[in-house]
Each structure stands twice: as C-alpha cells, then as structure tokens.
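K.L.:
So the sequence shown is numbered by this note's numbering: it starts at 356 and just counts up by one.
Provided herewith is a single structure, encoded as structure tokens, for subsequent inquiry.
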Amino acid sequence: MSGNPALDLAATVGSRRDEPVDLLATPADLERWVAACEELPAAVTADPATFDSALSLREAVYTLALDRVRGQPFAPDSLRVVNAMAAGPVPGVQLSDAGLHLSGDLRAALSHIARRGIAVLADPHAHLKECGRADCTRVYLDRSRGARRTWCGMEACGNRVKAAAYRARRRAAAEGRTPERAP
356 MSGNPALDLA ATVGSRRDEP VDLLATPADL ERWVAACEEL PAAVTADPAT
406 FDSALSLREA VYTLALDRVR GQPFAPDSLR VVNAMAAGPV PGVQLSDAGL
456 HLSGDLRAAL SHIARRGIAV LADPHAHLKE CGRADCTRVY LDRSRGARRT
506 WCGMEACGNR VKAAAYRARR RAAAEGRTPE RAP
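As structure tokens, then:
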C-alpha cells in the first residue's frame, strides 16, 4: 500500500498522533503480516527477541521517513537500527514462471525490509509523503504522475476525505436555503 515494505511495516501503527492502533501486538501478528507481504518469505516464525527487533525496525523506519518528508537530518539512533538490521542475513531468491520467491527466516525478512527502506530513503527522486488525512500517519511513496497524490490510499483515506467534504458541502447548501430566524 505504501509502495515499499519498510514503509508498510512502519504503517502497522495507525493514528500515531491521536490514539495509536498497533497491528503487531504479538509475534503471531508479525508472522501473519510477513506472510501477507508479497516481497517477503511466506512462512516465518517470530520469537520474542526477533519480534522486538521488528518493532525497533518499524519505529526507526517511521522516524527516518518522517525526517525525510520534513527535510530534516536523519535521527542517528534510527540510522543505527536500520543499518544494523540491513547487515543481517540475506533472504534466498528464486525465480519461476510464477515470479520471484523469497525464502528465509524472520531475520532475513527484516534485513530485506531494512535494505528496501534504505533504498527508498536514500533515493533523492523518491517522493515520500505523509497522508493528507488529518488522523492518518502513514508515510507512502508517491509514484503518481507529477507526484500529486494526496492520500496514502484512495480506498481508506481518500474516500473518507472526499465523503466528509461532500457532506460538508451538502450541509452548507442546506443551511443556505434555510430562512434566517428573527432575533
């Protein structure tokens, strides 16, 4: 959804400004998330230490992505976490008629995520943006023509913003037709 698995990992905490919603509350949640990610090995097992490493990587990527969006220098602690994770084992890669298949354990998956994060954060031509919906905190890669995309995704945020604007216009129009009351 974000256009990069590292940004997708960072987005597993929603509404960070208001009431954060953590989609990775347990190691089993992380295992399901990795299995659902097309770019990652299909089946991994998360022990408590590797689960904690994944959460550290998630927060580091989010911090660095916001630094990039805001034009700030990268946070040194977050750089250390991402760079250390990227130095981990490499997933196995196989090509077939069905496409690319990655294999490996969770450490290899996290290493791959860190490397993909580094690639997008280091790319001066990558258009990273924070979602334009007020309570969404997702950072995404804008690949639209002219980099004019406003929301992380039309399905969730774009539709909500457009529906709210429509309701506000209807309400304003209805109020404009209502006669003023005498004092």
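Glycine included, C-beta positions come from ideal geometry on N, C-alpha and C.
Predicted model, so just to flag it, every value in this text is computed and none were measured.
Per the contact definition of three or more C-beta pairs closer than 8 Å, is the segment 424-440 in contact with the segment 467-476?
P.N.:
They touch, by the three-pair rule.
K.L.:
What did DSSP end up calling residue 363 once you bin it into helix, strand or coil?
P.N.:
In the sequence shown, residue 363 corresponds to position 8, counting from 1. Note: residue 363 maps to helix in three-state DSSP.
K.L.:
List the residues that DSSP assigns as beta-bridge partners of residue 496.
P.N.:
Taking the first residue of the sequence shown as position 1, residue 496 is located at position 141. Bridge partners of residue 496: 483.
K.L.:
Say whether the segment 397-411 touches the segment 460-469, bearing in mind that this needs 3 or more beta-carbon pairs closer than 8 Å, one atom from each stretch.
P.N.:
Touching, yes.
K.L.:
Grouping DSSP H, G and I as helix and E and B as strand, with all else coil, what is residue 416?
P.N.:
Start at 1 with the first residue of the sequence shown, and residue 416 comes out as number 61. Reduced to three states, the DSSP call for residue 416 is helix.
K.L.:
Going along the chain, which residues of its own chain have a beta-carbon closer than 6 Å to the beta-carbon of residue 406, five neighbours each way excluded?
P.N.:
Stepping through the sequence shown from its first residue, residue 406 is reached at position 51. Excluding positions up to five away in sequence, the list reads 382 and 385.
K.L.:
Taking its Cβ as the centre, do 16 or more other Cβ atoms sit within 10 Å of residue 467, making it buried, or is it exposed?
P.N.:
The residue given as residue 467 occupies position 112 in the sequence shown. Buried, since its Cβ has 16 or more Cβ neighbours within 10 Å.
K.L.:
For the alpha helix (DSSP H) holding residue 451, just list the boundary residues, first then last.
P.N.:
By one-based count along the sequence shown, residue 451 stands at place 96. Element bounds for residue 451: not the alpha helix (DSSP H) but the beta strand (DSSP E), 447-451.
K.L.:
In this structure, how does DSSP classify residue 536 when only helix, strand and coil are distinguished?
P.N.:
Along the sequence shown, one-based indexing puts residue 536 at 181. At residue 536, the pLDDT of 45 sits below 50, so the modelled position is not reliable; the number obtained from the coordinates is stated separately. In this structure, residue 536 counts as coil in the three-state DSSP scheme.
K.L.:
Does any heavy atom of the ligand ZN sit closer than 8 Å to the C-beta of residue 377?
P.N.:
As far as ligands go, the structure on display features none, and thus does not contain the ligand ZN.
K.L.:
Taking the alpha-carbon positions, what's the residue 447 to residue 393 distance?
P.N.:
Looking up residue 447 in the sequence shown gives position 92. Looking up residue 393 in the sequence shown gives position 38. If you take the alpha carbons of residue 447 and residue 393, they lie about 14 Å apart.
K.L.:
Nearest-angstrom Cα distance between residue 391 and residue 364?
P.N.:
For the purposes of this step, residue 391 is identified with residue 36 of the sequence shown, where counting begins at 1. For the purposes of this step, residue 364 is identified with residue 9 of the sequence shown, where counting begins at 1. Their backbone Cα atoms lie some 12 Å apart in a straight line.
K.L.:
Quick one: grab the DSSP three-state call for residue 369.
P.N.:
The residue you call residue 369 lines up with position 14 of the sequence shown. If DSSP states are grouped into helix, strand and coil, residue 369 belongs with the strands.
K.L.:
Any idea if residue 389 is buried or exposed, counting beta-carbon neighbours within 10 angstroms, 16 or more meaning buried?
P.N.:
If you number the sequence shown from 1, residue 389 lands on position 34. Residue 389 comes out buried.
K.L.:
Pull up the distance between the alpha-carbon of residue 444 and that of residue 410, whole angstroms please.
P.N.:
Within the sequence shown, residue 444 is the residue found at index 89, counting from 1. Within the sequence shown, residue 410 is the residue found at index 55, counting from 1. Taking the straight line from one Cα to the other gives about 18 Å.
K.L.:
Helix or strand or just coil, what does DSSP make of residue 527?
P.N.:
Position 172 of the sequence shown holds residue 527. Helix.
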